[in-house]
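J.: There's a structure below that I have some questions on.
2 protein chains.
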Amino acid sequence: MTAMTATTPAFVPFPASMLRLVPDSLDIAALSAQMTVLRRRVRGGQHVYRAGQPFRALFFVHAGFLRRSVATADGREQVTGFPMRGELVGVESIGSGHYTVDVVALDDCEIIELPYPAVLDACAAMPTLQGALTQALAQELRRDQYWMLTLGTLNADQRVAAFLQDLAARHRALGFSASHFVLRMSRIDIASFLALKHETVTRALSHLAAAGIIAVERREIRIACAERLGRCAGGAELARCAA
Amino acid sequence: MTAMTATTPAFVPFPASMLRLVPDSLDIAALSAQMTVLRRRVRGGQHVYRAGQPFRALFFVHAGFLRRSVATADGREQVTGFPMRGELVGVESIGSGHYTVDVVALDDCEIIELPYPAVLDACAAMPTLQGALTQALAQELRRDQYWMLTLGTLNADQRVAAFLQDLAARHRALGFSASHFVLRMSRIDIASFLALKHETVTRALSHLAAAGIIAVERREIRIACAERLGRCAGGAELARCAA
DNA sequence: CGTCCGGTTGAATGACGTCAAACCAAGTGG
DNA sequence: CCACTTGGTTTGACGTCATTCAACCGGACG
Chain E
1 MTAMTATTPA
11 FVPFPASMLR
21 LVPDSLDIAA
31 LSAQMTVLRR
41 RVRGGQHVYR
51 AGQPFRALFF
61 VHAGFLRRSV
71 ATADGREQVT
81 GFPMRGELVG
91 VESIGSGHYT
101 VDVVALDDCE
111 IIELPYPAVL
121 DACAAMPTLQ
131 GALTQALAQE
141 LRRDQYWMLT
151 LGTLNADQRV
161 AAFLQDLAAR
171 HRALGFSASH
181 FVLRMSRIDI
191 ASFLALKHET
201 VTRALSHLAA
211 AGIIAVERRE
221 IRIACAERLG
231 RCAGGAELAR
241 CAA
Chain U
1 MTAMTATTPA
11 FVPFPASMLR
21 LVPDSLDIAA
31 LSAQMTVLRR
41 RVRGGQHVYR
51 AGQPFRALFF
61 VHAGFLRRSV
71 ATADGREQVT
81 GFPMRGELVG
91 VESIGSGHYT
101 VDVVALDDCE
111 IIELPYPAVL
121 DACAAMPTLQ
131 GALTQALAQE
141 LRRDQYWMLT
151 LGTLNADQRV
161 AAFLQDLAAR
171 HRALGFSASH
181 FVLRMSRIDI
191 ASFLALKHET
201 VTRALSHLAA
211 AGIIAVERRE
221 IRIACAERLG
231 RCAGGAELAR
241 CAA
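Now the structure itself:
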């Protein structure tokens, strides 16, 4: 009768706040003064860690792109994210004794290894660090929930649009171009992340390209109209876009 | 040909480790000695908090069942979980300044309010508490990733089977019957959580019932064969089950 | 040069969504 | 007591969109 019995959400945390990098406040310089950190290079295709290995350290991505995936006993597998520069990987495994996911480099990466016992010591010494770690965890949680929502409520074309929008924003946050970038991952990886098949991802990219919203050439993406892309990802506009 | 070049995951964290309650090590008794905690009753249908409200406290569920959901500006919404006794809610909002999801009671609940500043103080005083909180965060993260995998790789019948299996395990962990329980949430809530429509959930339940795996009567669920249910949820058995 | 891998595209199939009707239990009011 | 509503659930018929299966293309590489 009145102003809708259904609560209209006045406040919406996504996606703006989602697109900031996770460890906003993680100061690696201060951290390395506090503890010994190890710089490591990882070649494309190599694992940073594998599910089942004993949990020893967190890793801060200093350069490069990674793929995180989780698998089950019966052979099912799903990509759960694509960490990049400035993000902390390994946090999902804290407290479980061993790593629970696979993290593999998509290209040559430089990562900083933070042995977990030392992290704990440093946290005790620097309360701000503890807060930063907790916030990183919580933000990661919000990210996952945002993607759960995206995958649960959007169709294939919209999911791909949302994926591109997310990549663009993360590139911008790193100082790269948000309108022109190269996908580091295969169609199959994207499909797994978005709970689609790789043919469907290809088709969605073709639809967006046909609508003039993006230009695709193999893994090279050019975003012609970020605003339309956003409408595709967020709302009902896509019916028109993809027609 | 051989054992597949694809890495066969020798170690699998899910679902066994997933089914433990989140704050294994959160000792509320010790905590309440350390800080002032507030006991609150929440009637069924009432909100514990809403997205957008200022973040003030975490909540420990002492009794009852809740529903957590996230919404976007354009009206999309998704249930992201069903917290129950022994779980900590609100952690996803840490560091964001305001709550980022809605949490509503499905039945009459008793919850313990833990004002966040006091939690921080207590963490500083009790290092084990800090560890427990961090672990709770990480475990929640693993849970979300497990469900992402489930939703991304299973069909409708399998998702519903996995959902029932999860509920059964959580009931068992609380000392309730794992083979006979009452769903506190509607078909619509289940459907939203599993990224399906409520008719599809109903059909899936009917399939499982027709296969003799469960008995359904409105919200009352009886699990006739937990082993077959598990095979449905996990693997390829369902084609046979639901036929 | 042939092979392989990743990507693209088309056509057919099928699973889930949509729409609609009916049912059931619990209220509410006459 | 019955008529009527309301919210949740169930079932059927039909439509749609993503998957499946297949063919084909182009670049990388032995």
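Residue numbers (UniProt numbering), protein chains in the order written: chain E, 1 to 243; chain U, 1 to 243.
Think of the CB as a built atom: it goes at the ideal place given N, C-alpha and C, for glycine as much as any other residue.
Below 9 Å on C-beta distance, what does GLN135 of chain E contact in chain U?
T.: Neighbours of GLN135 of chain E in chain U, taken as residues at a C-beta separation under 9 Å, are given in chain order as ILE94, GLY95, SER96.
J.: Considering Cα atoms alone, identify which of E:ILE94, E:HIS171, E:LEU164, E:LEU154 is closest to TYR116 of chain E.
T.: E:ILE94
J.: Going by DSSP, name the residue or residues bridged to PHE59 of chain U.
T.: U:VAL89, U:GLU113
J.: Can you give the Cα-Cα distance for ALA132 of chain U and ALA169 of chain U, rounded to whole angstroms?
T.: Distance between the alpha carbons of ALA132 of chain U and ALA169 of chain U is about 22 Å.
J.: Pick out whichever of U:PHE65, U:GLY152, U:MET35, U:LEU137 has its Cα sitting closest to the Cα of ARG43 of chain U.
T.: U:PHE65
J.: Out of U:SER69, U:SER177, U:ILE111, which one is the CA nearest neighbour of VAL51 of chain U?
T.: Per the sequence shown, residue 51 of chain U should be read as Ala rather than Val. When each option's Cα is compared against that of ALA51 of chain U, the closest is U:SER69.
J.: Would you mind telling me which residues of chain E sit closer than 7 Å to VAL70 of chain U, beta carbon to beta carbon, in chain order?
T.: GLN145, LEU149
J.: Could you pull out every residue in the same chain whose Cβ sits closer than 8 Å to the Cβ of MET84 of chain E, ignoring the five residues on either side in sequence?
T.: VAL61, GLY64, PHE65, LEU66, ARG170, LEU174
J.: Does any C-beta atom of chain U lie closer than 7 Å to the C-beta of ARG231 of chain E?
T.: no
J.: Against chain U, does ASP166 of chain E count as a neighbour if the rule is that its beta carbon must be under 7 Å from one of theirs?
T.: no
J.: At a Cβ threshold of 7 Å, is LEU21 of chain U touching chain E?
T.: In this prediction, LEU21 of chain U has a pLDDT of 42, which is less than 50 and means its spatial position is unreliable; what the coordinates show is noted afterwards. No, its Cβ sits nowhere closer than 7 Å to a Cβ of chain E.
J.: Under 8 Å between beta-carbons, which chain U residues line up against GLN158 of chain E? List them in chain order, please.
T.: The contacting residues do not exist; GLN158 of chain E stays about 10 Å from chain U at best.
J.: Strictly below 8 Å CB to CB, what residues from chain E border residue 254 of chain U?
T.: The structure shown does not extend to residue 254 of chain U, since chain U spans only 1 to 243, so no value can be given for it.
J.: Taking Cβ to Cβ, would you say VAL79 of chain U is nearer than 7 Å to ASP157 of chain U?
T.: no
J.: Within the continuous beta strand (DSSP E) that includes ASP102 of chain U, where are the two ends?
T.: 102 to 105
J.: Have a look at LEU21 of chain E and LEU137 of chain E and give me their C-alpha separation to the nearest angstrom.
T.: Here the model assigns LEU21 of chain E a pLDDT of 42, short of 50, so the residue's position is not dependable, and the following value carries that caveat. The alpha-carbon atoms of LEU21 of chain E and LEU137 of chain E are separated by roughly 12 Å.
J.: Pull up the distance between the alpha-carbon of PRO127 of chain E and that of ARG76 of chain E, whole angstroms please.
T.: 40 Å
J.: Can you say whether GLY152 of chain U is buried or exposed, counting buried as having 16 or more other CB atoms within 10 angstroms of its CB?
T.: buried
J.: Taking the alpha helix (DSSP H) that ALA233 of chain U falls in, what are its first and last residues?
T.: 226 to 234
J.: At which residue ranges does the segment 136 to 200 of chain E contain complete alpha helix (DSSP H) runs of 4 or more residues, listed in the order of the chain?
T.: 156 to 173, 187 to 194
J.: According to DSSP, is ARG218 of chain E helix, strand or coil?
T.: coil
J.: Measuring alpha carbon to alpha carbon, tell me which residue in E:SER186, E:ASP144, E:VAL104, E:LEU88 is nearest ILE221 of chain E.
T.: E:SER186
J.: Where does ALA124 of chain E land, buried or exposed, given buried means 16+ other C-beta within 10 angstroms?
T.: exposed
J.: Can you tell me which residues form a DSSP beta bridge with TYR49 of chain U?
T.: BP columns for TYR49 of chain U point to U:VAL103.
J.: ARG76 of chain E by DSSP, collapsed to three states: which one?
T.: coil
J.: Is the Cβ-Cβ distance between VAL103 of chain U and VAL48 of chain U less than 7 Å?
T.: yes
J.: Using beta carbons (cut-off 7 Å, strictly below), is ALA138 of chain U in contact with chain E?
T.: Closer than 7 Å to some Cβ of chain E, the Cβ of ALA138 of chain U qualifies, so yes.
J.: Can you pull the chain U residues whose beta carbon is under 8 Å from the beta carbon of GLN130 of chain E, in chain order?
T.: CYS123, GLN130
J.: Check whether the Cβ atoms of ARG219 of chain E and LEU196 of chain E lie closer than 7 Å to each other.
T.: no
J.: Please tell me whether ASP189 of chain E has its Cβ less than 7 Å away from any Cβ of chain U.
T.: By this cut-off, ASP189 of chain E is not an interface position.
J.: Name, in chain order, the residues that DSSP records as bridge partners for MET35 of chain E.
T.: When beta bridges are read from the DSSP output, MET35 of chain E appears opposite no residue.
J.: Relative to chain E, which residues along the segment 202 to 217 of chain U have a C-beta separation below 8 Å, given in chain order?
T.: none
J.: Residue range of the beta strand (DSSP E) that SER69 of chain E falls in?
T.: 66 to 71
J.: So with Cβ pairs under 7 Å, would you call ASP107 of chain U a contact of chain E?
T.: No, ASP107 of chain U lies away from the interface with chain E (no Cβ there is under 7 Å from its Cβ).
J.: Measuring only between beta-carbons, confirm whether GLY45 of chain U sits less than 7 Å from chain E.
T.: For GLY45 of chain U, the answer is no, since every Cβ of chain E falls outside 7 Å of its Cβ.
J.: Closest by CA to ILE111 of chain E, which one among E:ALA178, E:SER177, E:PHE59, E:ARG172?
T.: E:PHE59
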